[in-house]
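Novice: Please see the structure below; I have some questions.
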Amino acid sequence: MIPWIAAVGIFSMMASLHAADPKKAAGIPEDAVYFNGKWYKAYVDGSGWKASQGKCQRLGGQLAIIPNQETQAFLKKLANGRKLMIGASKERSEVWKWIDGSAMTFQAWDRGQPNDVKGNENYVALGPKGGWVDVADSTDWTQGYICEWKAK
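Taking mature numbering (1 follows the signal peptide of the UniProt record, and there is no 0), I'd label the letters of the sequence shown as residues -19 to -1, 1 to 133.
Here it is, written out as C-alpha cells:
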C-alpha cells in the first residue's frame, strides 16, 4: 500500500508543478522558460546592452531583472556558463539600478566587480561563473542577453 501512496504523492506534486506554469501571452517565445511569475529566454548573438534591451522590447519584454538569490540561481543555470547581458545599469547616475528604475537591493557581483576598468562600464552581464560583471555597452566580451516577460 505504501508504494501506491508514494505514486499518488509524486503524481500530485508533478501535476501541481506543471499547473504553476501559466499559458504564454502572445509574443513570448515558445522555448521561453517559466520561473517565479516570469518567462525567460537566453539569446546568444553578441549584442551590446542597448541593442539587447531594444531586442527584448520588440519582443514585448525587457532585459532580465534579478531581485533575489533564487532568480540569480535560476538565471545562472539558464546562462550555462555564457556571458549574458542583464537589465541593470548606472547609465544616468553612479547608482546601479534595474531597467525598470527599481533599486538594486540584491547583488551578486563577481570578486573585484564592479571595477569600471575602462571608465565606461555602465552595464551588467552575468559572467562565465554566474556572478555579475560590469561591462561597456559595446563589448565583444559578452555572448548575448536574457529577456524576461511577466506572466499574464
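Backbone N, C-alpha and C define an ideal beta-carbon position, used for all residues, glycine too. Here the structure is a predicted model, which is why all the values come from computation and not from measurement.
Looking only at its chain, what residues have a beta carbon closer than 6 Å to the beta carbon of Y15, apart from the 5 residues adjacent to it on each side?
Specialist: D2
Novice: Taking DSSP as the reference, what is the three-state secondary structure of K36?
Specialist: helix
Novice: With distances taken from CA atoms, which of A7, N17, G8, N61 is nearest V25?
Specialist: N61
Novice: For the 8 Å Cβ check, are there 3 or more pairs between the segment 82 to 100 and the segment 33 to 40?
Specialist: no
Novice: Let me confirm a value: K99 is counted as buried when at least 16 other C-beta atoms fall within 10 Å, else exposed. Which label applies?
Specialist: Classified as exposed, K99 has fewer than 16 neighbouring CB atoms from the shown chains inside 10 Å of its CB.
Novice: Rounded to whole angstroms, what's the CA-CA distance from Y126 to G93? Just pull it up for me.
Specialist: 22 Å
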